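Chains as they are written, first to last, in this note's numbering: chain A, 6 to 508; chain B, -15 to 314; chain C, -15 to 324; chain D, -17 to 276. Glycine included, C-beta positions come from ideal geometry on N, C-alpha and C. In this text the structure is predicted, and so the values were computed from the model without any measurement.
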Amino acid sequence: MSEAQPVLRLEGIVKTFPGVRALDGVDFSVFPGEVHALMGENGAGKSTLMKVLAGMYQPNEGRIMIDRKPVVMRNPIEAKQNGIILIHQELSLAEQMTVAENVFLGELPRTRWGFVDWKVLEERVGSILAKLNCDFGPRTNVGSLSIAKKQMVEIARALTHHAKVVVFDEPTASLTDAEKVVLFDIINDLKSDGVSIVYISHRMEEIFTISDRITVLRDGSYRGTLVAADTTEDEVTQLMIGRSLDYSRNIEQGEIGDITLEVDGLSCGRLYSDVSFAVRAGEVVGFYGLVGAGRTEIAETLFGLREPTSGTIRLDGEAVSIGSPADAIANGISLVPESRKEQGLVLGMNCRDNITLPQVDDMTAGPFVSNGAEIAIYDMYRDRLDIKAPSWRSEVGNLSGGNQQKIVIGKWLAMKPRVLIVDEPTRGIDVGSKAEIHNLIRELAHSGYAVIVISSEMPEILRVSDRVIAMYQGRIMREFTADEVNEDNLVQAISGVGNGKAA
Amino acid sequence: MAGFVERMRNGDIKSLIARNGIFVAFVAFMIAFGIGSDRFLTFDNLESVVRSSAMIGIMALGVTIVVISGNLDLSVGSMLSFGTVMVVNLHDKIGPGPAILVMMICVLLLGAVNGFLIGFVRLNSLIVTLGMLSAIQGLTLIYSGGKNVDVNPSTQDTTWFRVFGRGEVAGIDMPIIIFFALASFVGFIIAFTPYGRRVYAVGGNPTAAVFSGIRRNRVVFSTYIVSAFCVGIASIILGSRVMGSQNNVGQGYELLVLASVILGGTSLLGGSGSILKTVIGVLILGFIQNGLLLLGYPYFAQWIVTWIVIILAVWLDVAAKRGRLLSPIA
Amino acid sequence: MAETSVESVSAQANQGVKGNFRWVVRHPIWAFVVIIFLFFSLMTDTFFSLGNFENILVQTSTLGLIALGMTIVMINGNIDLSVGAVVALAASLTVDIMGWPMFESWGNWQILPAVAAGLASGVLLGALNGLIVWKTGVDAFIVTLGAMLGVRGLVFVYTGEQSFFAMNFAYSDFGASRFLGLPTLAWIFLVFTLLIHILLSRTVHGSNTYAVGDNREAAVNAGIRVGPHMMVNFMIVGFFAALAGITLSTQMGASTPNLGRDYELWVITATVLGGTKLTGGAGNIIGTFGGVLAIGILRNGMNLMQVPAFYVLVTLGVILIAVLFLDKQLNRKGDGELRI
Amino acid sequence: EPMKIGITQNNVGVDSYQTTYEKAFIEAADADADVETVVLDAGGDVARQIAQIQDLVQQNVDAIIIWPTNGKAVVPAVRAADKAGIPVVITNSNIAEEGFDFIKSFSGPDNITQGSRSAEIMCDKFKDMGIEKTAQIVQISGQPGYTTAIERAKGFEDRLPEVCPDVTLVETQPGDWNREKSQRVMEAFLVKYDKIDGVYAGDDNMGIGALNAAKAAGRDGIIFVGATNFAVGYEAMARGEYWGSIYQSPVDDAKNALATAKAVVEGKDVPFLNYFDTPKITQDNMDEFTKPVF
Ligand SMILES: Nc1ncnc2c1ncn2[C@@H]1O[C@H](COP(=O)(O)OP(=O)(O)OP(=O)(O)O)[C@@H](O)[C@H]1O
Ligand SMILES: Nc1ncnc2c1ncn2[C@@H]1O[C@H](COP(=O)(O)OP(=O)(O)OP(=O)(O)O)[C@@H](O)[C@H]1O
Ligand SMILES: [Mg+2]
Ligand SMILES: [Mg+2]
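Below, the structure written as structure tokens:
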């Protein structure tokens, strides 16, 4: 492979934003038919580099060569014409339109009369969806799909073109295992057609499964390229964060106290039914299940965002009725929501204001918000969570995806709740910070919080939970203690087979 | 404020200008007119312009808050007609004090109707306030029977009601003082209190605001109360200044008010904007009208210049924010 | 996948129950149109007659034509507040130019260059609005709010405050003419309604219009040339505003500089009543047509019922809000919705 | 069976004159057992007025009275009504000459004459004061583009040089029939011009706005002349602050219109231009007039 000429070469790319040098002379090259992983901490500059490549940003310095010819791509259209397709980290879909229209957005097939050729469109999209093993049709409205399925729609776009280079920016952050398998098949197919793939992910096991070479960025600069077959996770981690990870630093289970939160026979329409469980102070309960199992909906009910059709919620033994998130917060319940952009952040606000938003009422000096108190909180969580932002004044919308997620987590930790619910807390977070967040969750439990962790990542659930509750189609199937639980029985429980008690 | 001082100390004037394109536009504009007419920068003229902008300005304060929270209020014009007709009409009947009280209550009730329909029932603010524009106009006409109302001429020079529109403190006209006092008050609330923070959050991302424990309904409701309150104050000044009112005095004000809010750089998408900038927007609009009048241009020249200035000023503002002149849209 | 079958079964059941109402749910304005139609038919002797329906069609054609264009720009995620001023500009230009001495020998053909100039003015101003929105990135609301004032200023400059009179009676005869049993102006409105309906629902440009309004960034990323695309749509709305100005002036045989005041608000109202979202991405011509008819029928019906002027204002306001409320009730989502 | 007369008015509620007119019209019609009326308001919008004329034709009324929102633009609609065999009477402000063939009569004041008379009032006063050689005046006109505003301004501007050739009209700005707007315009004039001897306002409502501004600025000795004498104008004259105006009664206006229409329906002869008189009123002769009711 090394004797071949790179299909794509980026040389000395520099990209600055006001107050940030996001890329600082990065070199990057891709050979035909290789899968090239791009790794780095949150905010290292991966997405920015790819946006430069896709014509969305113009580099301040450096040049891009395709097939050894320098090219200037002023916009995504020109990038596409040069054979470069980018599957975005943040979904970029027209929600009110159909799957078919989204897949061929910008290049819908026409009939002789200039009308949209719906027949051809649906046929082509239908076959792509079949290839991707999708269970929805071309006419489905994108807005009605779950995040994972929307991600599949994004991926479908990559297959409409005969591209030279396809860039996947964290495609698996919200995919299930089944869909992941499909994705990897697709990537292998593309590869065997001679298409080059750039693959961004924070998940080591994926990287080593599919990539040929790995390039690491750190703080906007190039750190080196490794051949996947000749390296180890540890080596990559070293290059990324400058140290090895110590996975064993799992904080011991603290003293388990009284029941803090108790849910009895809770149902909510068709979303879930007859859910009962309890969480004690000092305990982490993990909720595991397939996407759509109804875990998020339970969390939303506890947080006052849904009205249960029946059942009771008790806090410290007293029945409470929670009509709104404001009530929930008053009762000491916090929720780190699933979708950071829609639910977690006010993107146009700065970092500090986002972190203090739920408790801004308590941070006053006289009638005014106290600047000092707010900055103190921000500084504390910036350090704890290693948030990379130019300053507290930076708009959250300008942070990298992972750093945005850290702000959301910081915001709810800062509330010091009695019951903390975290829904997919580490989506898009780099390995270093992920371990740190896991430790934080354990620590919080240790200091007496009742914590619920919802996650679709089995390793995460297994690492942080004292007990695991497995859900399937809106019902609790089984409860495991930390000692009982293992990958096999968990997988069995969430797929509806076996001796689940509610089956 | 702290940020401002800090940036000045850092000598980061360029970024200061970049963030406040609208101030630059304002200064450039004042200089241009100052050169064009020797009367323009006289105290009398400045006072006259600010005085006549005060009513639009006061209404713009409330509308700014509504817009920051992500909604619109097009009913302010007819609400102004309503408030003025009512306060003037009641003045002779029940005395100025009770008249002001009754009028304020009625105007706040109208604001509450807006706030209820938009905040709690969640109806589209443009259509609701457009409907209210029409309905309040009708109410005003029904109330007055379509007639002009006047304060009894024999009491016009003696009633204390005259203070609001015709009074002076230390040589400065009362409408100006009320405008700036209210602007500072509202400006501080919106910029530095938890309430203000909630308004920005609701405008910036309503879903995330609710997820943060903010009672969005109440916040939206409250913005319309603030807006109605401002209209009430403007009505008092207008009634007192003219000592009479017509049923259509506020007609067309809704768009002028909105124009000055936007001119100040408040985004219609919600979540951004500031009272200080709105005040600048109001003054720019006021000075355009006045400046051209002084230069002797016909009234329709004002409209054409307003067209150009609105676009240039807002362009400067957004260009400064994104750091390049032209938009990156292909 | 098991969970989807649960979903789709219940979805089908849902369809069975609501089947007949689906259309109404998608176009609640038509339910309202039917209600007020029945109401006025019963309440007045003069409402229910062919002549009156023709009147309503002709009277709504002005707002209606503009609303066609407005629907497009609003689906596109923009708005055009300058339409009222463009109505006045196109009407003034057309009526004035047809009287220019250079066309005197043209006979009735003198109307042609005049109409062409009128339409061109609308298209050009639309292009200007679109170009500014595209290149400066300033919100369309602001750009066209400015234009609303500025274009009105141009009208006053051009006309010197004067109304113009069409010396050629063929012009106003056209406004009153009939074709195949219907007033010609009604035909113009109906034909353009159909054309724009096809444009939006069948063509690539139509699909892109929805996409750009739905998620502008996604459209850019997907390689749609969003700038020129939006500019074309502004030219379309400019064309329709100008056309409306011209058809209106054929009804009057004259133009006045104040023509079209407040039209922007009424057109937007009709469009939103028809289900077009201010935030873009959703809407259609069937709804807009219903919205325009609703306003036309209300005004006509209240005239015939002799509702006093002051109460007309209150009634219109209340009804606007009521329709919105109705829409909200019909489109209520199921238990999937969060209490946000 | 009573005759059915339809009226479409310009813009009721925009000022007291139109409102009082409407009331007087309805009262007069109610008092007359032979007449039944359909009363509509165009809200100042030509297009809506045309629609209303069409609706009245559709209802087949016996006569239509039109208070034109625009003298030219309603002509084709008037022509259509005439073709449908319905007699049309124009009230308050006339339509363009092109439409004269299609109407039976015009009933109302003569706005051009009113403008001329205001110029004469102004000029006579200046001559009394002996400043007719040097005086500078400003004009505040009505809403741009509306017939009444244009005609009054034209009458004034044409007549002034004939009677007082040395008086200069330095500037005209619209006050939109709005007292507050007029007050603002006058404030700007006062800053701009050190010497203002007279103000002509398109109606008394705006005149009083200008007077307010002058009083607030402490500028005495300005001669204010308006038109359509409002109660506020009358009172200001009584106080000696306001010089003169044109007396025009909306009640006369309304009654005249109804009577004309009725006569037309009954087939009687009516003069084509059925003006009612609008005399000059100044501080000197105001005792001859009762205070306006609006
Ligand atoms: N539009 C922007 N304006 C200002 N700063 C930006 C902008 N986009 C990115 N940045 C900054 O550039 C840096 C690199 O961000 P980038 O999104 O490329 O990170 P990333 O490597 O993709 O991280 P993640 O793994 O979290 O997705 C970050 O510090 C971010 O704050
Ligand atoms: N198969 C499906 N068909 C239609 N809508 C679905 C389906 N699965 C999930 N949804 C809806 O999509 C939204 C988000 O889906 P998500 O994948 O997060 O499901 P979820 O219920 O939160 O799953 P989990 O409990 O595993 O977090 C939810 O509102 C859910 O009701
Ligand atoms: Mg990224
Ligand atoms: Mg979930």
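For the pair K393 (chain A) and D428 (chain A), the Cα-to-Cα distance works out to about 22 angstroms.
Proximity of T187 (chain C) to chain A, defined by a Cβ-Cβ separation below 8 angstroms, is satisfied. With respect to the 8 angstroms criterion, S52 (chain A) and S405 (chain A) are classified as neighbours on the basis of their beta carbons. Contact of K131 (chain B) with chain D by beta-carbon distance below 8 angstroms involves S(-2), T1, T2 and F276. Look at which beta carbons fall closer than 5 angstroms to any heavy atom of ligand 1; those residues are A:F22, A:V25, A:A27, A:N47, A:G48, A:A49, A:G50, A:K51, A:S52, A:T53, A:N403, A:L404, A:S405, A:G406 and A:G407. In the structure shown, V60 (chain B) adopts helical secondary structure according to DSSP, grouped into three states. Out of A:D72, A:G501 and A:T230, the CA that lies nearest to the CA of Q478 (chain A) is found in A:G501.
At least 8 angstroms separates the CB of P114 (chain A) from every CB of chain B. At least one heavy atom of ligand 3 lies less than 7 angstroms from the C-beta of D174 (chain A). Between A202 (chain C) and chain A, the shortest Cβ-Cβ separation is below 8 angstroms. Where N256 (chain D) is concerned, the enclosing beta strand (DSSP E) starts and stops at L255 to Y257.
Measuring C-alpha to C-alpha distances from V187 (chain A) to each of A:T165, A:V171, A:E210 and A:A161 identifies A:A161 as the nearest. As summarised for the segment 193 to 260 of chain A, the continuous alpha helix (DSSP H) elements at least 4 residues long and confined to that stretch are 209 to 215 and 238 to 246, given in chain order.
Residues of the same chain with a CB within less than 7 angstroms of the CB of A297 (chain B), apart from the 5 flanking positions on each side, are I6, A9, L247 and I268 in chain order. When rounded, the separation of the alpha-carbon atoms in F276 (chain D) and S(-2) (chain D) is 6 angstroms. Relative to ligand 3, Q156 (chain A) has its C-beta separated by 7 angstroms or more from all heavy atoms.
Here the alpha carbons of I382 (chain A) and I481 (chain A) stand approximately 38 angstroms from one another.
When CB distances to chain C are screened at a threshold of 8 angstroms, the residues of the segment 77 to 106 of chain A falling below it are N80, P81, I82, K85, L91, H93, S97, L98, A99, E100, Q101, M102 and E106, in chain order. Membership of Y277 (chain A) in the beta strand (DSSP E) is indicated by the continuous run Y277 to R285. For the C-beta of P137 (chain B), the chain D residues within less than 8 angstroms are, from N- to C-terminus, V214, E217, A218 and R221. Ligand 3 never approaches Q243 (chain A) closely enough for any of its heavy atoms to be under 7 angstroms from the residue's Cβ. V57 (chain C) and I412 (chain A) have their C-alpha atoms spaced approximately 37 angstroms apart. Under the Cβ criterion of 8 angstroms, L125 (chain B) is counted among the residues facing chain C. Straight-line measurement puts the Cα of A238 (chain C) at about 26 angstroms from the Cα of T177 (chain C). Taking 3 residues as the minimum length, the beta strand (DSSP E) runs contained wholly in the segment 17 to 59 of chain D are 17 to 23 and 45 to 48, in order along the chain. Taking all protein chains shown into account, F169 (chain B) has fewer than 16 neighbouring C-beta atoms within 10 Å of its C-beta and is therefore exposed. Within the DSSP secondary-structure output, I(-11) (chain D) pairs in a beta bridge with D:V21 and D:I47.
DSSP places Q118 (chain D) in the strand class (E or B) of the three-state scheme. Per DSSP, the beta-bridge partners of Q155 (chain D) are D:I122.
Scanning the segment 374 to 407 of chain A from its first residue to its last, the whole alpha helix (DSSP H) runs of 4-plus residues come out as 376 to 390.
Contact between the segment 191 to 206 of chain B and the segment 393 to 403 of chain A is not established, with fewer than three Cβ pairs separated by less than 8 angstroms. As a beta-bridge residue in DSSP terms, M70 (chain A) pairs with A:R14 and A:P75.
It is roughly 18 angstroms from the alpha-carbon of G35 (chain C) to the alpha-carbon of F23 (chain C). Of all residues in the segment 222 to 234 of chain C, those with a C-beta nearer than 7 angstroms to a C-beta of chain D are L232, reading in chain order. Taking C-beta separations shorter than 7 angstroms and ignoring five residues to either side along the sequence, the partners of F24 (chain B) in its chain run F17, G18, G275 and L278, following chain order.
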